[in-house]
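A.B. asks: Have a look at this one before I ask anything.
Structural data, given as structure tokens:
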């Protein structure tokens, strides 16, 4: 059966870091190159993409050995991928495609993916497909390094097993082993069923009794359902009758309620009429009360007016008697006032003379006051100047005190700095003497070493 390999695509597989495609034309294709150029890696990739699980045949120990491990110029790859394409125009592979592509991908966590025409499949499915076409594992379609010498060194039985595997008998052996395993499982299951039947056989009578009880229970339950249905029907009809009677009672009560509502409406109308009359009478009574109150107020005003007039009359009579007494007293006071007037005129002449004298004294005092006022203004001016001078000296004194405090603080700071500098100089001198001693020792050591 012709085998047509079209292309092989590698990416991240061993030494093939970049995507590399190999095209196989018709006839014989040879790959030549120096040692270490990757020829064996191509054959290993063909074996690997066809489902090889033995890392010893692939010259590795684990899945990570199949992935590009990096170089000085390129980082390591995270995945190894190999894709192979077969020409299936003659149908040598049992699939309905003229071209069959198989892909295997490996990741650094040990996970592997298998794709058949870009569809994820199991490794078992891929092995069965390849076994049906003679490309399964151990068919020796691909011969690695040293396999011919190893096959020649095998014993007769081992060599016969190798020929059987190369002839494609391995698929049927696997199927036979699977069938034997299934038969063994079926035999064990049958034995288990027989054991269960042997365990259940002594319990058949009790199971029959339980089955009879279950049937009786089912019949009793069905009878109970029928009886309950009749019981519920009886109560439902009775409830319907009671409902009908209740509806008739409700209708009678509704008629009574309607009549009572009519009576209530008539009583309400009479009550409204009586209320309107009562409101009218009440308003008329209120008007009468208002009139009575107005008349009572008028009566009280008239009484107050009479009382006022009587009081005025009594006051006028008392005023008349007091006026007469005042008139007599006024005449006596007029006589006394005339005598006092004469004395007052004499006193006025005397006071006029004293006024003139006081006026002259006031003029003199005014002049003295003006002179004192001028003198006081000059004294106040001198006082203000003195106060300004005092404030100026106080300001200068405060500034001098602040400058003195600042100089004291600076002096203290400089003193502390001077002490620190002296201490630093002392420590530097100690360090210098130590360095000189170390230098002398080092120099002596060097001389001794020389």
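Residue numbers (our numbering): -4 to 445.
Glycine included, each C-beta is placed from N, C-alpha and C at the ideal position.
This structure is a prediction, so every number in the text was calculated from the model and none was measured.
Write down every uninterrupted run of the alpha helix (DSSP H) in the segment 13 to 62 whose length is 4 residues or greater and which is fully enclosed by it, in chain order.
C.D. replies: 34 to 44
A.B. asks: In whole angstroms, what is the alpha-carbon distance linking residue 341 and residue 334?
C.D. replies: 11 Å
A.B. asks: Classify residue 265: buried if its beta carbon has 16 or more other beta carbons within 10 angstroms, exposed otherwise.
C.D. replies: exposed
A.B. asks: Taking just the CA atoms, how far does residue 8 sit from residue 153?
C.D. replies: 33 Å
A.B. asks: Of all the options 419, 404 and 67, which has the alpha carbon lying nearest to the alpha carbon of residue 12?
C.D. replies: 67
A.B. asks: Give me the Cα-Cα distance between residue 14 and residue 75, rounded to the nearest whole angstrom.
C.D. replies: In a straight line, the C-alpha of residue 14 is about 10 Å away from that of residue 75.
A.B. asks: Classify residue 167 as buried or exposed, calling it buried when 16 or more other Cβ atoms lie within 10 Å of its own Cβ.
C.D. replies: Exposed, by the Cβ-count rule.
A.B. asks: I need the DSSP call for residue 108, collapsed to helix, strand or coil.
C.D. replies: strand
A.B. asks: Evaluate residue 78 with the Cβ neighbour count: other Cβ atoms within 10 Å of its Cβ, from every protein chain shown; 16 or more gives buried, anything less gives exposed.
C.D. replies: Per the 10 Å Cβ criterion, buried.
A.B. asks: Identify the continuous beta strand (DSSP E) that holds residue 10 and give its terminal residues.
C.D. replies: Run containing residue 10: none; DSSP gives neither H nor E here.
A.B. asks: One question on the structure: do residue -1 and residue 120 come within less than 8 Å of each other, judged by their Cβ atoms?
C.D. replies: Contact: no.
A.B. asks: Going by DSSP, name the residue or residues bridged to residue 97.
C.D. replies: 79 and 111
A.B. asks: When you compare only the Cα positions, how much space is there between residue 31 and residue 89?
C.D. replies: 38 Å
A.B. asks: Alpha carbon to alpha carbon, what distance is there between residue 280 and residue 263?
C.D. replies: 25 Å
A.B. asks: Residue 96 and residue 112: beta carbons closer than 8 Å?
C.D. replies: yes
A.B. asks: Roughly how many whole angstroms lie between the Cα atoms of residue 3 and residue 172?
C.D. replies: 34 Å
A.B. asks: Under 8 Å Cβ to Cβ from residue 249, same chain only, skipping five residues before and after it: list those, please.
C.D. replies: none
A.B. asks: Expressed to the nearest angstrom, what Euclidean distance is found between the alpha-carbon atoms of residue 103 and residue 64?
C.D. replies: 10 Å
A.B. asks: On the DSSP bridge list, what partners appear for residue 2?
C.D. replies: 18 and 80
A.B. asks: Near residue 406, what residues of its chain come up, given a Cβ to Cβ distance below 8 Å and the 5 sequence neighbours on each side ignored?
C.D. replies: none
A.B. asks: Residue 359 to residue 346, Cα distance in whole Å?
C.D. replies: Residue 359 and residue 346: Cα-Cα distance of roughly 20 Å.
A.B. asks: Let me know if residue 368 comes out buried or exposed under the rule of 16 or more other beta-carbons within 10 Å of its beta-carbon.
C.D. replies: exposed
A.B. asks: How long is the line joining the alpha carbons of residue 210 and residue 187, rounded to whole angstroms?
C.D. replies: 30 Å
A.B. asks: Taking the alpha-carbon positions, what's the residue 377 to residue 371 distance?
C.D. replies: 10 Å
A.B. asks: Alpha carbon to alpha carbon, how far is residue 282 from residue 294? Give it in angstroms, no decimals.
C.D. replies: 18 Å
A.B. asks: Expressed to the nearest angstrom, what Euclidean distance is found between the alpha-carbon atoms of residue 402 and residue 391?
C.D. replies: 16 Å
A.B. asks: Could one say the Cβ of residue 205 lies closer than 8 Å to chain C's Cβ atoms, at least one of them?
C.D. replies: Any reference to chain C falls outside this structure, which holds one protein chain only.
A.B. asks: Distance check for residue 288 and residue 306, CA to CA, integer angstroms please.
C.D. replies: 27 Å
A.B. asks: Can you list, in chain order, the residues of its chain with a C-beta nearer than 6 Å to that of residue 34? Leave out the 5 residues immediately preceding and following it.
C.D. replies: 26 and 28
A.B. asks: Does the Cβ of residue 431 have 16 or more other Cβ atoms within 10 Å, making it buried, or fewer, making it exposed?
C.D. replies: exposed
A.B. asks: Using 10 angstroms around the beta-carbon of residue -4, count the other beta-carbons present and answer buried if the total reaches 16, otherwise exposed.
C.D. replies: For residue -4, the pLDDT reaches just 45, beneath the cut-off of 50, and the residue's location in the model is therefore unreliable, although a value from the coordinates is still provided. Exposed.
A.B. asks: Which same chain residues end up closer than 7 Å to residue 16 when comparing Cβ atoms and leaving out the 5 residues on each side of it in sequence?
C.D. replies: 2 and 4
A.B. asks: Which residues in the same chain have their Cβ closer than 6 Å to the Cβ of residue 93, if we skip the five residues on either side of it in sequence?
C.D. replies: 83 and 84
A.B. asks: What is the rounded straight-line gap between the Cα of residue 413 and the Cα of residue 420?
C.D. replies: 10 Å
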